[in-house]
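Okay, so the sequence shown: first residue is 605 according to my numbering, each after it adds one. We treat Cβ as the ideally placed atom computed from N, Cα and C, and that holds for glycine. Given the structure is predicted, the values throughout are model-derived calculations rather than measurements. Structure, as structure tokens:
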Amino acid sequence: MTNHPILTTEDLTYIYQKGSKNEVPAIQDVSIDIMQGELVGIIGHTGSGKSTLIEHFNALKKGTSGRVLLDGADIWADRSKIRSVRFHVGVCFQYPEYQLFEETVAKDIAFGPKNMGLQQDEIDRRVSDALSFVGLSDAYKEKSPFDLSGGEKRRVAIAGIMAMEPQVLVLDEPCAGLDPRGRETVLRMIADYRAKTGCTVLLVSHSMEDVAAIADRILVMNQSRVAFFDTVERVFSHAEELQNMGLDIPQMTHLLLLLREKGIDVPVNLYTVSQVHAMLQSRLKGGNVNAE
Ligand SMILES: Nc1ncnc2c1ncn2[C@@H]1O[C@H](COP(=O)(O)OP(=O)(O)OP(=O)(O)O)[C@@H](O)[C@H]1O
Ligand SMILES: [Mg+2]
Numbered sequence: 605m606t607n608h609p610i611l612t613t614e615d616l617t618y619i620y621q622k623g624s625k626n627e628v629p630a631i632q633d634v635s636i637d638i639m640q641g642e643l644v645g646i647i648g649h650t651g652s653g654k655s656t657l658i659e660h661f662n663a664l665k666k667g668t669s670g671r672v673l674l675d676g677a678d679i680w681a682d683r684s685k686i687r688s689v690r691f692h693v694g695v696c697f698q699y700p701e702y703q704l705f706e707e708t709v710a711k712d713i714a715f716g717p718k719n720m721g722l723q724q725d726e727i728d729r730r731v732s733d734a735l736s737f738v739g740l741s742d743a744y745k746e747k748s749p750f751d752l753s754g755g756e757k758r759r760v761a762i763a764g765i766m767a768m769e770p771q772v773l774v775l776d777e778p779c780a781g782l783d784p785r786g787r788e789t790v791l792r793m794i795a796d797y798r799a800k801t802g803c804t805v806l807l808v809s810h811s812m813e814d815v816a817a818i819a820d821r822i823l824v825m826n827q828s829r830v831a832f833f834d835t836v837e838r839v840f841s842h843a844e845e846l847q848n849m850g851l852d853i854p855q856m857t858h859l860l861l862l863l864r865e866k867g868i869d870v871p872v873n874l875y876t877v878s879q880v881h882a883m884l885q886s887r888l889k890g891g892n893v894n895a896e
């Protein structure tokens, strides 16, 4: 990660049905900097504005007021460049597998790169790379997307966005509807993709556990506004406020905070049962749960 902002919003506001009696302010005064290479989790109660916000990042929506900057440049400054903004910021919407339509997996993944006007050998390289990013072998290339499992379809759809090699990859609820193993696979794949490519990744999720496991920072949206935008640990230190927003910190964080209340000096930045188990076990072995 560098400290150079790749994506910035300045007082970004979007109002649905602007000018009517039924105006809905979906996002209000959102001012954030997303750093190059960062993995940011976006969390918030249903209707808090997460999807509306990310639709601004690749110019699918234009703010009612405010600006979006990509690498320092206002994305709406030159309308002839909007197409290229959509190549630089790849957004994968919820349930993207419904948009698979080609007769083979390879053709589906190639759709974006083809649209970008790339040469066939470059397209082929990207299809292979993207398949490997999502953990599927080359044997999948000639399969029909419709013969795959739900989780595999999801991964192929995500690969289609990765194949565009965007500077910023945005995923809206990529784990929605998957079983625990499928969720785990997709999360690991996203973390690996960021590690291998150094790309900036934004991950919208309902699950604090999922986001805590892989994000550098968490953006918490509440009723169309930014409530918090900070490291996982600092955001979780606002447990009570999060609960009031209909969000919950991970169960393991609850447990660790409880231990701290009892005067036991444990770290609170562990989010899974196995992490906490390993920490407690190693301390008990040393005969002192407070030991570092
Ligand atoms: N097409 C629309 N017309 C009018 N209001 C809308 C429209 N789409 C969303 N909204 C409203 O805008 C607000 C933000 O919605 P948005 O879909 O961005 O929230 P979200 O955080 O993505 O929710 P979810 O977790 O359910 O996906 C909500 O009040 C929602 O009802
Ligand atoms: Mg949404």
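- Task: In angstroms with no decimal places, state the Cα-to-Cα distance between Ile619 and Thr804.
- Result: Taking the first residue of the sequence shown as position 1, residue 619 is located at position 15. Taking the first residue of the sequence shown as position 1, residue 804 is located at position 200. Approximately 27 angstroms, taken between the alpha carbons.
- Own chain, CB closer than 6 angstroms to Ala795, minus 5 neighbours either side, in chain order: Here residue 795 refers to the residue found at position 191 of the sequence shown. If we look at Ala795 and ignore the five residues flanking it on each side, its Cβ neighbours are Ile818.
- On the premise that Val772 lies in contact with Phe661, defined as a C-beta separation below 8 angstroms, what is that separation, rounded to the nearest angstrom? Working through the sequence shown from its first residue, we reach residue 661 at position 57. Working through the sequence shown from its first residue, we reach residue 772 at position 168. 7 angstroms between Cβ atoms; contact.
- What residues does ligand 2 have around it, judged by CB closer than 7 angstroms to any heavy atom, in chain order? Those residues that bring their Cβ nearer than 7 angstroms to a heavy atom of ligand 2 are Lys654, Ser655, Gln698, Asp776, Glu777 and Val808.
- Using a Cβ cut-off of 9 angstroms (strictly closer), state whether Asp820 contacts chain D. The question asks about chain D, but that chain is absent: this structure has only one protein chain.
- Task: Answer yes or no: the CB of Leu616 versus the heavy atoms of ligand 1, is any distance below 8 angstroms?
- Result: Reading the sequence shown from its first residue, position 12 is the one you call residue 616. Of the heavy atoms belonging to ligand 1, none sits nearer than 8 angstroms to the Cβ of Leu616.
- Provide the residue span of the beta strand (DSSP E) that contains Glu902, from first to last. Nothing can be reported for residue 902, as the shown portion of the chain is limited to 605 through 896.
- Item | Beta-carbon proximity of Val808 to Ile647, cut-off 9 angstroms | Taking the first residue of the sequence shown as position 1, residue 808 is located at position 204. Taking the first residue of the sequence shown as position 1, residue 647 is located at position 43. Cβ atoms of Val808 and Ile647: closer than 9 angstroms.
- Item | Every unbroken alpha helix (DSSP H) within the segment 713-791, with a cutoff of 4 residues, ordered by chain | The qualifying runs are 724-737 and 754-766.
- Query: How many Å lie between Thr650 and Ser811 at the Cα?
  - Reply: Here residue 650 refers to the residue found at position 46 when the sequence shown is read from its first residue. Here residue 811 refers to the residue found at position 207 when the sequence shown is read from its first residue. Put simply, the backbone Cα of Thr650 is about 12 angstroms away from that of Ser811.
- Are at least three pairs of beta-carbons, each pair with one atom in the segment 760-768 and one in the segment 725-745, less than 8 angstroms apart? In this structure the segment 760-768 touches the segment 725-745; the number of beta carbon pairs closer than 8 angstroms is three or more.
- Message: I'd like the span of the alpha helix (DSSP H) that includes Val907, first residue to last.
- Response: What the structure shows of the chain is the stretch from 605 to 896, and residue 907 is not part of that stretch, so it cannot be assessed.
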